[in-house]
Amino acid sequence: MQEASMKAKIGVYVCECGPNIGQSIDIPRVLESIPALDGYEDVELVPKSYGLLCSPDGKEYLKKEIQENGYTHLVIAACSPRDHDSTFMGICKQAGLNPYLYKIINIREHCGWIIHDKDAATEKAIQYISGGISRVLYQSELFERQLEITPDVLVIGGGVAGIETALSLAGEDRKVYLVERAEELGGSAARFASLLPRQQGGADLIKSKIEAVGENEHIRVLLNTEVESSIGFLGNFEVVLAGKSEGEKTDIKVGAIVVATGCRMSDPRSFAGIEYADSDEVYTSPEVEKMNTGGTITLRSGEKPASVALVHCVGRGEKGYCSRVCCNYMMKIAGYFKKQSKETKVTEFFVDMCVPHKADQKFFDESARLGIDFKRVRKIGLSGTRVEFKGMDGKKQHMDFDMVVLASALEPSEGTEALAGLLEIDLDDRGFYREAHHTTDPVATSIDGIFVAGASQGPRDISDSILLAQASAGRIRAQLIPGGKIVPEVKVSEILEAYCTGCKTCLEVCGYGAIYFDDQKGISVVNEAVCRGCGNCFGSCPSGALRTKHFTNSQLLREVTEALK
Amino acid sequence: MHHENVVVVGAGLAGMKASLLLAQAGKKVHLVETLPLIGGKTIKNEESFPNLECSTCLVAPIQQAVLQNPDIEVMTMSAVEKVEGDDGDYTVTVKKSARYVKVADCIGCGMCYEPCPVSVSNEWEENLGERKAIYVPCPGSLPNVPTVDPEHCLKLSGKGECTACVEACMFGAVNLEDRDETVKIEAGAMIVSTGAGVFDVSKLPDLGYGEYPGVYTPFEFERLFASNGPTLGELKLRGTENAPGKIAIIHCVGRKECGYCSGVCCMYSFKFAHFLKKKLPEASVYNLHSDICVPDKTYQKFFDGVNGTHSEMIYNSSMESLKVTGSGDGLQVTYLDEAGAEKNLEVDMVILAAAMVPEEGTRNLAEVLGIDLDAAGFFKVRDDDIASVETSRKGIFVAGTAEGPKDSQSSVIQADAAVGKVLAFLESLKPQPEEAAAGGQG
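Quick note, the sequences are listed as chains G and Y, same order. So that you can map any letter, position 544 of the first sequence is 544 in the numbering used here, and since no number is skipped, the others follow by simple counting. Add 565 to a position in the second sequence, counting from 1, and you land on the number used in the numbering used here.
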């Protein structure tokens, strides 16, 4: 532990904040009491006050004061750190004082504004300032580091989202590795005859994007390839890719990773109430897409069906989510049947019509005009080609059809869980990749530098998958500037090797994959470039081997002890 | 180098996130906002779905980050008036309305409000509360700097010689001599993120809005519930001291008229049911719905958590037939059930879950920017690709609900995507290495 400096000279500045602190706290009394505080006999304390330290004049004043007085530490008693901590840290830097040797004490919100008795507010402010002085003596200089980065990007998954990500990022000064475990690019969308929401020719559009990938000299496509291992952080990942054949390994260095591994249709027969045999004329929507792309949608006999049931919402209840895209693509499929033969009787069974895009309702209305029978029901089951349903009146009914098409819930692709484990990113409780924050950070993951694109983040149509890809590309373009550097967190955790017993508790609580285990030494090691300084490990370490810089035990203990004296 | 400048129009969630990301990429951002505060519609909500996080806690750090970022110039009370040029060489004319309070000098102490003798209806609070002529729209507004409303200020409107606010300010920050100014910004690209408004429910007289005080718009209810709102979050029916006992939330208001489902109303309606039961556990809440639209992996779970426990779900088979009428002191909702039979529901509060529509002024802004709108009046994106954030004018991109109804997550995704497109566009404007070399030789 660092010892308190013996010849410290601490500037203690009380900001009046106009009337805000000036009127509610007796500032002259605060200033008088500071030199008289117990326990600072070896420290030179210089208390002063100023009208408004955050004003342009105030900032200039403070800078000059730090420089002229040669302070070793600085305490500012003012407002909430949320308002001006960064302001004063900036002034310390300008004045040549390490900003980690300064401390802001909030005597406005914590004292002046909540205590109506001026004497009591003043007493509390003095206590808090004393805590700050005590803490700052135990603070250490910390230095920002700059790390070189590689601007190159690894995209995992060669479907439409992965392709879009690669095309959005590859360029003269940024190489993209596009890795696909199958033998060709395109993913599921390549098999669709038309794409939502505007019914463009799907195969053609995807084909032209695949061609663009082929023509782009800055994209390296690796087919039949999967990720074997990955370590690192934003700006610097080391990844090993493995081909299908034995020993076919490629080592790459990238600055960011985009997972675009997509989703798949869940097995309809895994859901209660959906029963049919392989020989029944029951199909999933991708099977029908494939038949349609091949020319005709027929029964196994080769005949065209005279009546078709399109069953929505299969597995919605069991999965616990609406797959968002089924209503629209089922209407699209209804259109395929009607185009094939106007006489085909098409009935759509649905619980709720989910058409949440501004163009969807029009598509729905147009579909209705094709003569499709939309049947709203409370519950849907299937027995062969017999649709058993509970109507809106609550009565059980059934109808028989030549053919049944099922819109089964979308679920994460096979291997999503394994890849998440390998990359150390989190999954949500439905098995999709979890966003860093659902609402405000939807394409980042729990690891800085790993992003998610497409339907592996949640069920999505092609259009929205592409937007996610463009969003990931936006994040990477903004953060990984070719030739640029990144500044990792300064207030990171560190391990005191002698105290570590190798219990590995910290590895479990670290949410960022910032701690690894050194088997030879038998101790945990913090990767400072990855650590975000959350303090989880510090709190959990049973042997006191871990500490988080700027929040050490001695710093916290000193501040609290003084403040509560 | 103006190719390093980007103008972002609209400082809601999408505009703020886009600005921060652009600044991170080393660009200089001019964030133009018509209101005196930033944050957009999200800050009107007490909590946001699906995780019911405190909206302020969600958005305030983003607002602070924007205000403290040296590469983002926040221009409140400002509007784009003209965009000249093309191909990444734009001159954007912005009119900054007088704020009458110097942002650099004001510390937001609020001492100026009290002495102001004027009291008018607060439009930001959906007219549920009052404000002074010098005011911040609500507690917690960021930037925490008031503005003077020249229409109602006695001195500025010529009705009197009052300078009470000037005298009350210890910092000399109030300046009634302030004037509108026009600035020109050289920019390489723009992002439009002006958000969406709410369908005008008074267009459907059968729903009783305006006629019966117990009928509320969604944002009226949000502000009534908000702990920083006009009633400090106390649920009192308009004009009374009474809490509602029976509440009907009517879904799909304006869906037919607008021609689309907004994709968010079901979720905010369920959130309202949760809000109501949280504060009024004894209340009866009814959601009169048609299609339940919960299009996100987390939304069904939210619905399941409300369905039956917080609200009774009633299927309303015909929005056109639904009527709200007065019934004694309360209200009566008449609707057709699943069998088409007419039913009545006695309640004392009705919340109309109205559709998202283009924000006021969108048509005008589209003209100023020279970009196309779609049939519904939202900003149109290019449709020669499957998905896009590019408008009809090169170098101008769109993000958030200005492009169409969507939830917050989708707005942020579009903001990130728009930034990606802007950065790629700006890079394409740079002279290629060969060209630069050739220029050097010439």
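Where a beta carbon is used, it is the ideal one built from N, C-alpha and C, also for glycine.
From the beta-carbon of D393 (chain G), the residues of chain Y found nearer than 8 Å are E903, A904. Per DSSP, H116 (chain G) is not a residue of any alpha helix (DSSP H), being assigned neither H nor E. Separation of the CB atoms of G474 (chain G) and D981 (chain Y) is rounded to 4 Å, and the pair is thereby assigned contact status at 8 Å.
Going by DSSP, R558 (chain G) is part of the alpha helix (DSSP H) stretching over 553-563. Against chain G, a Cβ distance below 9 Å from N610 (chain Y) picks out nothing, because the smallest value is about 11 Å. I495 (chain G) has G:L546 as its beta-bridge partners, per DSSP.
At a cut-off of 8 Å between beta carbons, D913 (chain Y) makes no contact with chain G. The beta carbon of S883 (chain Y) does not come within 8 Å of any beta carbon belonging to chain G, so the residue lies off that interface. Distance from the Cα of V311 (chain G) is smallest, within the candidate group G:V387, G:K253, G:Y321, G:T250, for G:V387. Around the Cβ of V748 (chain Y), a 10 Å sphere holds fewer than 16 other Cβ atoms; the residue is exposed. Contact annotation for V443 (chain G) against chain Y: I978, D981 [CB-CB distance below 7 Å, chain order].
Residue-level contact check: V668 (chain Y) does not touch chain G, since none of the beta carbons of chain G fall below 8 Å from its beta carbon. Rounded to the nearest angstrom, the gap between the Cα atoms of G577 (chain Y) and L789 (chain Y) is 21 Å.
Straight-line spacing of the CA atoms in L370 (chain G) and Q340 (chain G) works out to 12 Å. When secondary structure is reduced to three states using DSSP, C817 (chain Y) falls in the strand class.
In this structure, the beta-carbon distance from F764 (chain Y) to C817 (chain Y) does not fall below 8 Å.
DSSP places R220 (chain G) in the uninterrupted beta strand (DSSP E) bounded by 219-222. No Cβ of chain Y is located within less than 8 Å of the beta carbon of T150 (chain G).
Using beta-carbon distances, L887 (chain Y) does not count as an interface residue toward chain G, since no partner is under 8 Å. Residue pairing by DSSP places C619 (chain Y) opposite Y:E612 in a beta bridge. For Y433 (chain G), the closest Cβ of chain Y is not nearer than 8 Å.
Runs of beta strand (DSSP E) with 3 or more residues, each lying fully within the stretch 865-951 of chain Y, are found at 877-880, 888-892, 895-901, 907-912, 914-919, 921-923, listed in chain order. The continuous stretches of alpha helix (DSSP H) do not include R181 (chain G), and DSSP gives it neither H nor E. Think of a sphere of 8 Å around the beta carbon of A590 (chain Y): the chain G residues whose beta carbon falls inside it are R477, A478, Q479, I481, in chain order. Remark: C-beta atoms of S465 (chain G) and R547 (chain G) do not approach each other more closely than 8 Å. About 5 Å separates the beta carbons of I523 (chain G) and G502 (chain G), which is inside the 8 Å limit, making them a contact pair.
For K342 (chain G), the closest C-alpha among the options G:I372, G:C327, G:M353 is that of G:I372. Think of a sphere of 7 Å around the beta carbon of R174 (chain G): no beta carbon from chain Y falls inside it, the nearest being about 10 Å out. Beyond the five residues adjoining it in sequence on each side, P680 (chain Y) comes within less than 6 Å, by CB distance, of A729, A733 in the same chain, given in chain order. V573 (chain Y) and V954 (chain Y) have their C-alpha atoms spaced approximately 14 Å apart. Neighbourhood of M89 (chain G) in chain Y, by CB distance below 8 Å: empty, with the nearest CB roughly 11 Å away.
Boundaries of the alpha helix (DSSP H) harbouring C830 (chain Y): 830-844, taken from the DSSP string.
Looking from the CA of L53 (chain G), the closest CA among Y:N929, Y:D670, Y:D913 belongs to Y:D670. Contact annotation: S230 (chain G) and W113 (chain G) have beta-carbon atoms that are not nearer than 8 Å. Under the three-state reduction of DSSP, T87 (chain G) is assigned to helix. Sequence-distant Cβ neighbours of R820 (chain Y) in its own chain, meaning closer than 6 Å and more than five residues away, are C826, A920.
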